[in-house]
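Trainee: Structure below; questions to follow.
Number of protein chains: 2
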Amino acid sequence: MSTPTKSERTRLTAEDWERGALDMIADEGVNALAIEALSKRLGVTKGSFYWHFRNRGALLEAALQRWEEHDEADVLAKIEPIADPRVRLRALFDFVARELPSHRIYAALLKALDHPSVLALMARVSTRRMEFLATAYRDAGLPAATAQHRARLTYAAYVGFMLINMTLGLPRLSHDEFDAYVDHVTETLVP
Amino acid sequence: MSTPTKSERTRLTAEDWERGALDMIADEGVNALAIEALSKRLGVTKGSFYWHFRNRGALLEAALQRWEEHDEADVLAKIEPIADPRVRLRALFDFVARELPSHRIYAALLKALDHPSVLALMARVSTRRMEFLATAYRDAGLPAATAQHRARLTYAAYVGFMLINMTLGLPRLSHDEFDAYVDHVTETLVP
DNA sequence: ACATTTCCATACGGTCGAGTATGGTTCTGC
DNA sequence: GCAGAACCATACTCGACCGTATGGAAATGT
């Protein structure tokens, strides 16, 4: 009855390191991602790490790519099929409320734009999400140019909100306040 | 005819170090602010630095405080007296277009929220600016609660725009595109 | 003019974390 | 049940900075 997926005392794989790296990023930020600290967290030593990866940058790159492909894509996958643009956009904002691991990582990455890899990733993600929003607004009947602007504004509001509420240590909105805010935003931004 | 303000071969003061630090932050980011590198930049050695400051943290703290008091305050000072809220908000957005040193630093700080001092500063600045916006919206006739939400939304859009356009390496908007965007934003957000 | 303060150079010690070298242990195929 | 591969531990080196110690040069008062 050996359960190899259980994290008891089994040997590690590259994927384990990547997941561990993402956990660590979510908890302590990108700059805190040190391989010796992560090794301790995983119950091994550096010797293990340097068998799986060439160096620290390779791990970060792999972890970010994993996040981009999995978590990031999941968000759009769950929202994209929603037909009504109003509901679709509303769903997008609602995602921010829940403290999904994906969003915790997003917020952590927002704090680490110093790093070139993180910067490049966020640039890709941002353009992708803005295009998604532009499509939604066109579906809602806005002319192309207006939809483009509104998409930019909406994404800016989104990322700005993430920054203000999750990244900065400002007093968090209560549940009711957040609902009222989201209502206000949808009324203001969604045609 | 000695011109002591000229940066030829004069001795340094604490203020010089603070300004130099801000320049360096604007150019290469907060994490690149190393005292030996800054010393070289200023044409002296570490020995000078440790006469003026206790350590690196003290310099960063002083530089940030300087920015907060001077550059930061200047922005509001120029905008606050504008009576018409529409024009006032418009002016605020217009400031983003110009590559003022103050904004370059703001963008650099946005990339370094990992650092506690930077985080605390940005939290202060954000609340201050949001309150400023809330006042503007109340002056424009919005009810208090709505004004609060709209202020949050506007500031989120502002900081998000800074992030997308200045911090991330995305293709910058042309002058015309920017104007069109600002028009769209003011029409959408300003009552 | 000379003493004192102010400012800077040089040289050193100390830390933190990345990366390497090398050998030991555990798995897997045959 | 052993050979080779996969995985990990231990013990280093090395570079980048921070911070300190100390003496010298430049300004400034008297």
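Top line first, the protein sequences correspond to chains D and B. The opening residue of the first sequence carries number 1333 in this note's numbering; numbering runs sequentially from there. The opening residue of the second sequence carries number 1333 in this note's numbering; numbering runs sequentially from there. All residues carry an ideal CB built from backbone N, CA and C; glycine is no exception.
1. Compare the Cα-Cα distances from Glu-1519(D) to each of Ala-1440(D), Phe-1425(D) and Pro-1433(D) and report the closest residue.
2. Using a Cβ cut-off of 8 Å, pull out every chain B residue sitting near His-1516(D), in sequence order please.
3. Output the distance between the C-alpha atoms of Val-1419(B) and Trp-1383(B), rounded to the nearest integer angstrom.
4. Cβ of Ala-1455(B) within 8 Å of Cβ of Leu-1500(D)?
5. Which residues in chain D sit within 7 Å of Tyr-1469(B), going by Cβ to Cβ distance?
6. Helix, strand or coil for Ile-1414(B), going by three-state DSSP, please let me know.
7. List, in order along the chain, the chain B residues whose C-beta lies closer than 8 Å to that of Ser-1458(D)?
8. Is there at least one Cβ from chain B nearer than 8 Å to Ala-1493(D)'s Cβ?
9. Does any residue of chain B have a CB that is nearer than 8 Å to the CB of Ala-1358(D)?
10. Keeping to the same chain, check which residues put their C-beta closer than 6 Å to that of Ala-1415(B); ignore five residues upstream and five downstream.
11. Chain D beta carbons: is any one of them nearer than 8 Å to that of Leu-1445(B)?
12. Near Met-1494(B), what residues of its chain come up, given a Cβ to Cβ distance below 7 Å and the 5 sequence neighbours on each side ignored?
13. Going by DSSP in three states, Asp-1426(D) sits in which element: helix, strand or coil?
14. CB-CB under 7 Å to Val-1376(D), same chain, minus the five flanking residues each way: which ones, in chain order?
15. Report the residue ranges of all alpha helix (DSSP H) runs contained in full by the region 1353-1410 of chain B; include only those spanning at least 4 residues, in chain order.
16. For Tyr-1513(B), return the contacting residues in chain D, with the cut-off set at a CB-CB distance below 7 Å.
17. Under 6 Å Cβ to Cβ from Val-1522(D), same chain only, skipping five residues before and after it: list those, please.
18. Looking at chain D, is there any beta carbon in it that lies within less than 8 Å of the beta carbon of Gly-1473(B)?
19. Just the C-alpha distance for Ser-1506(D) and Ala-1489(B), rounded to the nearest angstrom, thanks.
20. Apply the 10 Å Cβ neighbour rule to Ala-1476(B) and answer buried if 16 or more other Cβ atoms are within range, or exposed otherwise.
Mentor: Taking the geometry as given:
1. Phe-1425(D)
2. Thr-1478, His-1481, Arg-1482 and Leu-1485
3. When rounded, the distance between both Cα atoms is 47 Å.
4. Yes, the Cβ-Cβ distance between Ala-1455(B) and Leu-1500(D) is below 8 Å.
5. Correct list: empty, because the minimum Cβ distance to chain D is about 12 Å.
6. coil
7. Residues of chain B with a Cβ closer than 8 Å to the Cβ of Ser-1458(D) are, in chain order, Ile-1496, Leu-1500 and Leu-1502.
8. Per the sequence shown, residue 1493(D) should be read as Phe rather than Ala. So, interface residue.
9. no
10. Cβ neighbours of Ala-1415(B) beyond the five flanking positions: none.
11. yes
12. Val-1428, Tyr-1438, Ala-1439 and Leu-1442
13. Asp-1426(D) falls in the helix class under three-state DSSP.
14. Answer for Val-1376(D): Leu-1344, listed in chain order.
15. Qualifying alpha helix (DSSP H) stretches, in chain order: 1367-1374, 1378-1384 and 1388-1399.
16. By Cβ distance, chain D contributes His-1481 and Arg-1484.
17. Arg-1418 and Leu-1421
18. Among the CB atoms of chain D, none fall inside 8 Å of the CB of Gly-1473(B).
19. 21 Å
20. exposed
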